[in-house]
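K.L.:
Numbering (mature numbering (1 follows the signal peptide of the UniProt record, and there is no 0)), first residue to last: -20 to -1, 1 to 234.
1) Pull up the CB-CB distance for residue 123 and residue 186, whole angstroms please, since I reckon it's below 8 Å.
2) Residue 132 lies in the alpha helix (DSSP H); which residues open and close that run?
3) Please report the straight-line C-alpha distance between residue 226 and residue 105, rounded to a whole angstrom.
4) Going along the chain, which residues of its own chain have a beta-carbon closer than 7 Å to the beta-carbon of residue 57, five neighbours each way excluded?
5) Ignoring anything shorter than 4 residues, give me the alpha helix (DSSP H) runs that lie fully in the stretch 44 to 104, in order along the chain.
6) Within a Cβ cutoff of 6 Å, which residues of the same chain sit near residue 103, ignoring the five residues on either side of it in sequence?
7) Is residue 127 helix, strand or coil when you go by DSSP?
8) Apart from the five residues just before and just after residue 129, which ones in its own chain have a Cβ nearer than 7 Å to its Cβ?
9) Give the straight-line distance between the Cα atoms of residue 18 and residue 44, rounded to the nearest whole angstrom.
10) Given this structure, state the Cα-to-Cα distance separating residue 159 from residue 72, to the nearest angstrom.
11) Taking the beta strand (DSSP E) that residue 188 falls in, what are its first and last residues?
12) By the three-class DSSP mapping on this structure, what secondary structure does residue 112 have?
13) By DSSP, does residue 156 sit in helix, in strand, or in coil?
14) Go through its chain and collect everything with a Cβ distance to residue 2's Cβ below 7 Å, but skip five positions before and after it.
15) Would you grab the beta carbon distance between residue 257 and residue 54 for me? Rounded to a whole angstrom, and I think it's under 8 Å.
16) Within 10 Å of its beta-carbon, does residue 81 have 16 or more other beta-carbons around it, so buried, or fewer, so exposed?
17) To the nearest angstrom, report how far apart residue 190 and residue 125 are at their CA atoms.
18) For my contact list, residue 61 and residue 79 are in at a C-beta cut-off of 8 Å; report their separation, rounded to the angstrom.
19) With residue 173 as the anchor, note down where its beta strand (DSSP E) starts and where it stops.
20) Run through DSSP, which three-state label would residue 197 get?
21) Could you compute how far the alpha carbon of residue 177 sits from the alpha carbon of residue 26?
22) Excluding the 5 residues flanking residue 172 on each side, which residues of the same chain have their C-beta closer than 6 Å to its C-beta?
23) Restricting to Cα atoms, I'd like to know which of 11, 188, 6, 5 is closest to residue 145.
24) When the Cα atoms are used, what is the spatial distance from residue 63 to residue 89?
25) Using DSSP bridges, identify the partner residues of residue 19.
26) Enumerate in chain order the residues of its own chain whose CB-to-CB distance from residue 196 is below 8 Å, with the five nearest sequence positions on each side excluded.
27) Less than 7 Å between C-beta atoms, sequence neighbours within five positions excluded: which residues of the same chain meet that for residue 136?
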């Protein structure tokens, strides 16, 4: 009976471990509270067409922190829903700067038969009522290009999952084929979309190494607080606006 229990626990452990990854056979290189990188062997990824991904890669990759910002900082995506379409940047500038050095170190450890799997969760607001969002992607290098294949884009994480590494790092498999999804990358400068089965895959970006030096991060316009305040003021009735101003101490007497 004792042996049976041990065997049952072993089977359960193996099952949970296989379910926890979402991406098969990943090996953890490094993780922090909001970032994790793994190696994935080329022969472990699921492909319908073997020719879509090189058999071997130009690894390790020598790249700087600034160039990581240049690569990732300008990428925007569109999210479609019944409420309307929204265009956003995939990564916040601060988010990239926080994980850039770790990503550089990870790329330098890659072997010619490995891809790097990256998972980043981030919450720019960092308040008790806001959620973390998660983005996952593969990144690898060929002789002529750096390629990035995205899976989830700014996927909101529940409160129950965002504090536990084993929960927030549990991502779905990232397909190398076309798949229906409500998010996709918007065309931008410095990259092209990989063609898969004759059609552009708008989650798979190809950066030509010959053009990397010309790729520069573009500073973003900041949303100002007055715009938010004006929006709130427009929704308030006059008497409530006065009441709020009195609480904030900004009513001037004669």
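From the three backbone atoms N, C-alpha and C, an ideal C-beta is built for every residue, glycine too.
P.N.:
Taking the geometry as given:
1) Not confirmed; about 13 Å, so no contact.
2) Element bounds for residue 132: n/a, residue is neither H nor E.
3) For residue 226, the predicted model reports a pLDDT of 43, less than 50, meaning its position is unreliable and no value from the coordinates is stated.
4) 68, 70, 133, 163, 164, 165, 166
5) Positions of the alpha helix (DSSP H) runs, each at least 4 residues long and wholly inside the stretch 44 to 104, are given as 45 to 52, 73 to 88 in order along the chain.
6) Answer for residue 103: 110, 112, listed in chain order.
7) In the structure shown, residue 127 adopts extended strand secondary structure according to DSSP, grouped into three states.
8) 117, 118, 154, 156, 183, 184
9) 19 Å
10) 26 Å
11) 179 to 188
12) coil
13) Here residue 156 sits in coil by DSSP.
14) Interpretation of residue 2 is limited by its pLDDT of 42, a score under 50 that renders its predicted location unreliable; no figure is taken from the coordinates.
15) Look at the range of the chain in this structure, -20 to 234, and you will see that residue 257 is not part of it.
16) exposed
17) 8 Å
18) Wrong, their Cβ atoms sit about 28 Å apart, outside the cutoff.
19) 172 to 176
20) The answer is coil: DSSP assigns residue 197 none of H, G, I, E or B.
21) 15 Å
22) 186
23) Per the Cα distances, 11.
24) Distance from the CA of residue 63 to the CA of residue 89, rounded to the nearest whole angstrom, comes to 43 Å.
25) 7, 96
26) 50
27) Only 111, 113 meet the Cβ criterion.
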